[in-house]
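Engineer: In the numbering used here, the protein residues as written are 4 to 85. Don't be surprised by glycine CBs; every beta carbon is placed ideally from N, CA and C. Sending over a structure as structure tokens; questions will come in a sec.
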């Protein structure tokens with residue numbers, strides 16, 4: 004059974020935060036598989052010529068290899084928020 008506090012906390016999350024939780028849970032459930040997820044930060048250029056604050060970030064990403072292809076998933080500005 005899932006603790007009521009956890010369920011209450013999940014019900015307050017928006018879609019982006021729920022996707023982060025799902026990614027972290029999926030990673031935990033696949034501990035015994037060959038899929039290894041790493042977490043890293045990236046600074047991103049926005050591409051606007053008038054932008055004086057590029058690059059933006061750093062932002063956290065999860066990275067893994069699936070069927071021979073490198074996959075990435077944006078996790079947010081703060082990993083602790085994920």
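What is the rounded straight-line gap between the Cα of residue 25 and the Cα of residue 50?
Structural biologist: So the two alpha carbons sit approximately 30 Å from each other.
Engineer: In three-state DSSP terms, what is residue 69?
Structural biologist: Here residue 69 sits in strand by DSSP.
Engineer: Out of 44, 65, 69, 19, point me to the one whose CA is closest to residue 59's CA.
Structural biologist: Of the candidates 44, 65, 69, 19, the one whose C-alpha sits nearest the C-alpha of residue 59 is 44.
Engineer: Is residue 47 helix, strand or coil by DSSP?
Structural biologist: Three-state result, residue 47: strand.
Engineer: So what does DSSP say about residue 78, is it helix, strand or coil?
Structural biologist: Strand.
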